[in-house]
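>
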Amino acid sequence: MIDSKKLYFINLRNRKNKMGSLLQCIVALGLLIALFSFIGFLLIQVAKLKSKSIINQINSGKMSDAKLTRQYNNFKKWKDNKLIAILMAGIAFKLYIKMQNMLFDAYKEGMIKRNLPL
42 MIDSKKLYFI
52 NLRNRKNKMG
62 SLLQCIVALG
72 LLIALFSFIG
82 FLLIQVAKLK
92 SKSIINQINS
102 GKMSDAKLTR
112 QYNNFKKWKD
122 NKLIAILMAG
132 IAFKLYIKMQ
142 NMLFDAYKEG
152 MIKRNLPL
């Protein structure tokens, strides 16, 4: 027969194992969130650099009229689509929309400077 003192220690040991596995799950979830946040941050930084290079191309006149018109029409069509923004940027979809609007304005200014139809 098992006395109550041994039973208490057995229950305590089982409780520690359950807490250990719970702690492991919490740490793993935290690491996954940190990893996804870091990847999202990197993607946002790359998108910012790309948008700056596109704006420089438009302002310097290195982009052809046909490409400028085509890109302007694409941005005009998709600039306020929140579903695409959420799919592309996840939690940072508002920043994605802000960058899209910034690029749309740059294309629009380029179209106006070159007297192309909007």
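The sequence shown begins at 42 in our numbering and counts up by one. Don't be surprised by glycine CBs; every beta carbon is placed ideally from N, CA and C.
(1) Around the Cβ of residue 130, are there at least 16 other Cβ atoms within 10 angstroms (buried) or fewer (exposed)?
(2) The alpha helix (DSSP H) spanning residue 151 covers which residue range?
(3) Quick one: what's got a C-beta closer than 7 angstroms to residue 142's C-beta in the same chain, skipping five residues either side?
(4) Closest to residue 147 by CA distance: which of 78, 99, 64 and 70 is it?
(5) Could you tell me the alpha carbon to alpha carbon distance between residue 14 and residue 103, rounded to whole angstroms?
(6) In the DSSP assignment, find the alpha helix (DSSP H) that holds residue 122 and state where it starts and stops.
(7) Using DSSP with H/G/I as helix, E/B as strand and the rest coil, what is residue 103?
(8) Please state whether DSSP places residue 63 in a helix, a strand or coil.
(9) Measure from the alpha carbon of residue 118 to the alpha carbon of each residue in 78, 132, 85 and 149, then state which is nearest.
(10) Rounded to a whole number of angstroms, what is the C-alpha to C-alpha distance between residue 78 and residue 84?
Quick answer:
(1) Taking the sequence shown and counting its residues from 1, one reaches residue 130 at position 89. With 16 or more other Cβ atoms within 10 Å, it is buried.
(2) Here the question's residue 151 lines up with position 110 in the sequence shown. Taken as a continuous stretch (DSSP letters only), the alpha helix (DSSP H) holding residue 151 covers 134-154.
(3) Taking the sequence shown and counting its residues from 1, the one referred to as residue 142 is at position 101. Closer than 7 angstroms at Cβ, skipping near neighbours: 120.
(4) Position 106 of the sequence shown holds residue 147. Of the candidates 78, 99, 64 and 70, 99 places its Cα closest to the Cα of residue 147.
(5) It is not possible to answer for residue 14, since the shown part of the chain is limited to 42 through 159.
(6) Stepping through the sequence shown from its first residue, residue 122 is reached at position 81. Here residue 122 belongs to no alpha helix (DSSP H), and DSSP marks it neither H nor E.
(7) Counting from one through the sequence shown, the residue named residue 103 turns up at place 62. Coil at residue 103, not helix or strand.
(8) Your numbering for residue 63 matches position 22 in the sequence shown. It is helical.
(9) On the sequence shown, position 77 is the one that residue 118 refers to. The option with the nearest alpha carbon to residue 118 is 149.
(10) Residue numbering aside, residue 78 sits at position 37 when the sequence shown is read from its first letter. Residue numbering aside, residue 84 sits at position 43 when the sequence shown is read from its first letter. Each residue's Cα considered, the two are about 10 angstroms apart.
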